[in-house]
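What follows is one structure encoded as structure tokens, with my remarks underneath.
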Amino acid sequence: MLQYETVFIADSTYTDEEIDELIKGYDQIITSAKGKMIKVEKWGKRRLAYAIRRNEEGVYVLMTIECPPSLVKELDRRYRMNDRILRHLVVRVENEAQLGPSPMMKPRPERDELLAEPPLAP
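With our numbering as the guide, the letters of the sequence shown map in order to residues 1216 to 1337.
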């Protein structure tokens, strides 16, 4: 079986519980096709570069999966059928996927330094 990474941006009105249910639903689809979910990363709510269907923010989720190629079409169809999925992307991983956190999950030192500094007085 081949490995794929799929990222989707969900509507920002989703709660954490609804995101978990959405991920469980995709996990059931994957396991029913004899695939498996290797890793899931919830990147959280982020500002979009441009508005998509009047949404300024979206909830990003990355899933690394191992499945037969026929399942990719089904996942793509399911993403498109869900009105609350704003964008999605599925790519095949040439080498084995990293099991550790993706670069998006690693802290950025300059951002952390800015957050650690007290705000300037007016």
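Glycine included, C-beta positions come from ideal geometry on N, C-alpha and C.
Once the 5 residues before and after V1291 are set aside, which same chain residues still bring their CB inside 7 angstroms of it?
Walking along the sequence shown from the start, residue 1291 turns up at place 76. For clarity, residue 1291 is Asp in the given sequence; the question names Val instead. Around D1291: V1305.
Could you pull out every residue in the same chain whose Cβ sits closer than 6 angstroms to the Cβ of V1222, ignoring the five residues on either side in sequence?
Here residue 1222 is taken as the residue at index 7 of the sequence shown, counted from 1. Only L1277, L1304 meet the Cβ criterion.
For the beta strand (DSSP E) containing E1281, list its first residue and its last residue.
Residue numbering aside, residue 1281 sits at position 66 when the sequence shown is read from its first letter. Note, E1281: beta strand (DSSP E), 1270–1282.
Check M1252 in the structure and name its three-state DSSP category.
The sequence position of residue 1252 within the sequence shown is 37, counting from 1. DSSP places M1252 in strand when its eight states are reduced to three.
Could you tell me the boundaries of the alpha helix (DSSP H) in which I1246 lies?
In the sequence shown, counting from the first residue as 1, residue 1246 sits at position 31. Checking the displayed sequence, the identity of residue 1246 turns out to be Thr instead of Ile. 1231–1247 is the span of the alpha helix (DSSP H), which, as asked, contains T1246.
At which residues does the beta strand (DSSP E) containing R1307 begin and terminate?
The count along the sequence shown starts at 1 and reaches residue 1307 at position 92. Start and end: 1300–1307.
If we ignore side chains and look at the alpha-carbon of each, how far apart do A1266 and K1251 end up?
Along the sequence shown, one-based indexing puts residue 1266 at 51. Along the sequence shown, one-based indexing puts residue 1251 at 36. Taking the straight line from one Cα to the other gives about 33 angstroms.
Give the DSSP bridge partners of K1288, in chain order.
As a first step, residue 1288 must be located in the sequence shown, where it is residue number 73. Paired residue(s): none; K1288 is not in a bridge.
Going by CA-CA distance only, name the one from N1310, D1298, E1272 that's closest to T1279.
For the purposes of this step, residue 1279 is identified with residue 64 of the sequence shown, where counting begins at 1. Cα-wise, what sits closest to T1279 is N1310.
Kindly indicate the opening and closing residues of the beta strand (DSSP E) around T1221.
As a position in the sequence shown, residue 1221 is number 6, starting the count at 1. Unbroken beta strand (DSSP E) run through T1221: 1217–1226.
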